[in-house]
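Everything on this sheet refers to the single structure shown next.
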Amino acid sequence: MSEELHLSCQICLSLFLLDGSPEAEPVAAPCGHVFHRDCVEGLIESRYQPLCTICRAPLPDMTIGLLKVYLNLEESEFDRELQKAVHEATAPEAPDLDVTLAIEECEEKLHALQEEQQYNQQVLSALESQWIAIDKLHDDAKKRANELEGKLHVLTERLAELEGRHD
Ligand SMILES: [Zn+2]
Ligand SMILES: [Zn+2]
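Using our numbering, read the sequence shown as starting at 5 and increasing by one per residue.
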C-alpha cells in the first residue's frame, strides 16, 4: 500500500471510520488533504492562520471551504485485498476432500435407500398377489361348503323319509 494513501487523519492520527457520524466524516481541505471534520474544524478555529498539517498549505478560515469526501473504500486496493481474503476464507474455489467424501457418502446412502425401497415394493406386490390367491381359495372353500351343505340337506330329508316309512 502506498505511503501517500493516508487512511488515517493526520491531525488526530486515528483512522477514518465510516460510521456515518457527521463529526468523524472525512473532509478535504483546498490542498486536497483529508481530515476528520471535527479535527480540521478544531484546527481552523484554534489558529489565526491555520495550515495543513501535511503540506503546510493555508487552510480556509471558514469551515465552508471544506469538502466532504467519499473514500470509496469498496473500490480501494485495500478493500479488494480484503474481499479476496474473505472470499478465500469463506468460499474455497475447489471443495476440499472432506466435502467431497461427505457428498459421496450421502450419494451411497441415497442409493442404498433407493434399493431398499425397490425391494420393499417387490415384497409388497408379492404379498398383494398372495392375498388375491388366498382370497380366491377362500371363495372356493365357501362354494364347496355351500355345496356340501346342500348335499347334507338332501341326505337329512332322505333319512327322515326312510325313518317315516320305517314307523
Ligand atoms: Zn482526526
Ligand atoms: Zn495539505
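For glycine and all other residues, C-beta sits at the position ideal for the given N, C-alpha and C.
Distance check for L47 and P35, CA to CA, integer angstroms please. Start at 1 with the first residue of the sequence shown, and residue 35 comes out as number 31. Start at 1 with the first residue of the sequence shown, and residue 47 comes out as number 43. Residue identity differs from the one stated: residue 35 is Cys in this sequence, not Pro. Near 15 Å, if we compare the C-alpha coordinates of L47 and C35.
Within the structure, which residues are defined as neighbours of ligand 2 by a Cβ-heavy atom distance below 7 Å, reported in chain order? Cβ atoms closer than 7 Å to ligand 2 belong to A33, C35, G36, H37, C56, I58, C59, A61.
Assuming T67 contacts I15 under a Cβ cut-off of 8 Å, what Cβ separation, rounded to an integer in Å, is found between them? Along the sequence shown, read from residue 1 onward, the residue named residue 67 stands at position 63. Along the sequence shown, read from residue 1 onward, the residue named residue 15 stands at position 11. Their Cβ separation, rounded to whole angstroms, is 14 Å, which puts T67 and I15 out of contact at 8 Å.
Buried or exposed for C13, please, with buried defined as at least 16 other CB atoms from any protein chain shown within 10 angstroms of its CB. Position 9 of the sequence shown, counting from 1, holds the residue named residue 13. By the 10 Å Cβ count, C13 comes out buried.
Buried versus exposed, by CB contacts within 10 Å (16 or more), A149: Indexing the sequence shown from 1 puts residue 149 at position 145. Classification for A149: exposed.
Is I68 near ligand 1, in the sense that its beta carbon is under 7 Å from a heavy atom of that ligand? What you label residue 68 is simply residue 64 of the sequence shown in a count that begins at 1. I68 Cβ: outside cutoff for every heavy atom of ligand 1.
Distance check for E92 and Y52, CA to CA, integer angstroms please. Along the sequence shown, read from residue 1 onward, the residue named residue 52 stands at position 48. Along the sequence shown, read from residue 1 onward, the residue named residue 92 stands at position 88. Cα to Cα, Y52 sits roughly 52 Å from E92.
Endpoints, beta strand (DSSP E) assigned at A212: Coverage of the chain is limited to positions 5 through 171, which leaves residue 212 absent and any answer about it impossible.
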